[in-house]
Amino acid sequence: MKALQHLNKYFIKYKYSLLLGVFITILAKVFALFTPRLIGESVTVISKMLNDEITMEVFKAELGLNILYLVIAAVISGIFTFLMRQTIINVSRYVEYDLKNEVYQQYQRLSLSFYKSNRTGDLMNRISEDVSRVRMYIGPAIMYSLNMVTLFVVALIYMVSVAPKLTLYVVAPLPILSIIVYKLSKIINQRSTIVQQYLSQLSAYTQESFSGISVIKSYGIEAQNYQDFYDLSDESKRKQIDLAKVQAMFFPSMIMLIGISNILVIYVGGMQYMNGEIKDIGTIAEFLIYVNMLTWPVAAVGWVTSLVQQAEASQLRINEFLEEEPQIQNKVETPSTIEGSISFNHVNFTYPDTNIQALNDVSFTINKGQTLAILGKTGSGKSTILDLIGRLYDIESGEITIDGTPIDQVNLDDLRNSIGYVPQDAFLFSDSIKNNIMFGKEDASEAEVITAAKNADVHKNIMSFAKAYDTKLGERGITLSGGQKQRISIARAIIKSPKILLFDDCLSAVDTETEEKILKNLNQISQGKTTIIVSHRASSAKNADHIIVLDNGKIIQSGSPDMLLNVEGYYKELYNNQLTESNEDRLIND
């Protein structure tokens, strides 16, 4: 139960609703327990009538009054039972809502390295399936436990006062029940944990399969993919069956024990009635109803125990992530004003998950309003520089400063809010094109959206769609071409007019003519803004104030475009090769 202690704060938050639910539950069961007594009295009245101990008029009066009381008690009990579910079950939904928000907020706090080491399907399973199992503990488990306790306390007090010896025989099987619950609950907890782990694996596998369905179809590996899923699903089924077998032992055990109690009531109660120890025959009928009223609460002991064990296993998985501390901490609470000057001083960085050194003694400075172009081969460390500027990772040695302040001493929220970032792999949400662009500025006007789209040279493409800016995109923007996704991603970055613009090879999917238009627009937009352009193309760097060339994490060239064209090296060779290719393309087109 230690894992479930995390929920105590929610019990405190909703303590008044829960206390009201407890009070209503007690009232509901108190009125429900009038039924056995009234039925017992009615049976006694009928018995007296058959034995000519009372007159017909007394019989009708007493039986009619009992029936009236039965109806009133049933109606009141029904109303309180409805209110009980409305309070306790509603609290479970509130806690489910709060817990999902807590988990989601924690997901947002965690660093990028966390997502590289955990699968998306597992993250989704913990915030959905695991939280739902916890809700069952907070709602039904607590509600039925209250029912059971209330029924036992109220019923047993009355049963003992009426027939102590008979009550003893009725409750005799209960210790056996406690032993069964204790033994089986441990097994259920272990098997519930395994089941949840397999559910996470299934969620992760299906999520990856659906996301990579184009690759699966392209390689024609549907059969193998299905077989892998079948094997995983089959193993998950086996674990579910193993759990179900243990859970299935509860209810037969409960019914058997209740049946034994019924037999004891009839036999022992009948013997006591014949011996004169019980005065009224109705007492036996009353005890039979008590036993059967206690059937579900007693049977629910197993079910509730199963719910608690499953909830504990799920909450333990949730706590693993909730207790994880993000590697990137916001060390500054006070607001920071970002102007845009960036400096790297002998920066070294190695990715913690792969131990690959991405940057080796990198130093450069870019002043506010300047444009820096970063060129280099694949894997040379270009994108890493942008990640470090956004402080997605912390460096191992050296220093990065923003406006002369060490980056870890800058308010993290202010830093990231001042950055407009266009990743290499453009990610679009399953929403309208307009909302995807407004993601960069939620309160943007329609005119601002259109202006941003024009500057990204994607307005004409958008207007060619039937619903224009209201066009709904598929998952990850799959309904658009690569170039269109990149340009919408650019529009999203520039609409917020940030102090720092970071472009990570975001023009790789567009032709040179479109690239030229976008670069011309960006040159105007970036006036007064610090801009860093990562690219494989020399043409993307021609308007930059400064260029650095990376190779295996080291700067091998640094200078202005004109200066680097006058020296032998990577930039000049890249420029000449791409210029030749561009001329050849023009000749072919002509």
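One point on numbering: in the working numbering, the residue at position 575 of the sequence shown is 1089, and numbering is uninterrupted.
By construction, the Cβ of each residue, glycine as well, lies at the ideal position given by its N, Cα and C atoms.
Q) Expressed to the nearest angstrom, what Euclidean distance is found between the alpha-carbon atoms of Ile-1102 and Leu-1088? A) Any reading at Ile-1102 is ruled out, since the residue's pLDDT is 45, under 50, leaving its predicted position unreliable.
Q) Smallest Cα separation from Leu-547: which of Lys-523, Asn-975, Tyr-672, Lys-516? A) Tyr-672
Q: Scan the region 1021 to 1058 and note each continuous beta strand (DSSP E) run of 3 residues or more that stays entirely inside, going in chain order.
A: 1044 to 1049
Q.
Within 10 Å of its beta-carbon, does Lys-896 have 16 or more other beta-carbons around it, so buried, or fewer, so exposed?
A. buried
Q) Looking at Glu-643 and Leu-836, is the spacing between their C-beta atoms short of 8 Å? A) no
Q. So what's Gly-773 in DSSP terms, helix, strand or just coil?
A. helix
(Q) Which residue marks the beginning of the alpha helix (DSSP H) containing Ser-646, and which one marks its end? (A) 645 to 650
Q: Kindly indicate which residue of Tyr-935, Val-684, Leu-1015, Leu-1079 has the alpha-carbon position closest to the one of Leu-808.
A: Val-684
Q.
For Ile-1004 and Ile-947, I'd like the C-alpha separation in whole angstroms.
A. 13 Å
Q) Closest to Gly-918 by CA distance: which of Ser-911, Ser-894, Thr-879 is it? A) Thr-879
Q: In the DSSP assignment, find the unbroken alpha helix (DSSP H) run with Phe-573 in it and report its ends.
A: 570 to 623
Q: Going by DSSP, name the residue or residues bridged to Asn-862.
A: Ser-911
Q: Please classify Gln-519: is it buried, with 16 or more other beta-carbons within 10 angstroms of its beta-carbon, or exposed?
A: exposed
Q) Which first and last residues belong to the alpha helix (DSSP H) in which Ala-961 is found? A) 960 to 969
**Q.** Under 8 Å between C-beta atoms of Arg-1006 and Gly-954
**A.** yes
**Q.** Sheet register partners of His-520 (DSSP bridge)
**A.** Per DSSP, none; premise fails for His-520.
(Q) Starting from Val-805, trace the alpha helix (DSSP H) in both directions and tell me its first and last residue. (A) 796 to 807
Q) Sorry if obvious, but does the Cβ on Asn-862 come closer than 7 Å to a heavy atom of the ligand ATP? A) What this structure holds is no ligand at all, so the ligand ATP is not there to describe.
Q | Same chain, Cβ closer than 6 Å to Ile-798, five either side skipped, listed in chain order | A | Gly-783
Q: With a threshold of 16 other CB atoms inside 10 Å of the CB of Val-572, please say whether the residue is buried or exposed.
A: exposed
Q) Hey, quick one: how far does the alpha helix (DSSP H) through Phe-743 stretch, first residue to last? A) 736 to 762
Q) Can you tell me where the beta strand (DSSP E) with Asp-875 in it begins and where it stops? A) 871 to 880
Q. For Thr-848, which of helix, strand or coil comes out of DSSP?
A. coil
Q | Status (buried if at least 16 other CB within 10 Å, exposed otherwise) for Gln-829 | A | buried
Q.
Using CA atoms only, rank isn't needed, just tell me which of Asn-522, Gln-1038, Tyr-907, Ala-967 is closest to Leu-926.
A. Tyr-907
Q. Hey, out of Thr-601, Thr-539, Gly-854, whose CA is closest to Arg-930's CA?
A. Gly-854
Q. Do you know how far the Cα of Asn-881 is from the Cα of Leu-1036?
A. 18 Å
Q: May I ask which residues mark the beginning and end of the beta strand (DSSP E) holding Gly-1073?
A: 1068 to 1073
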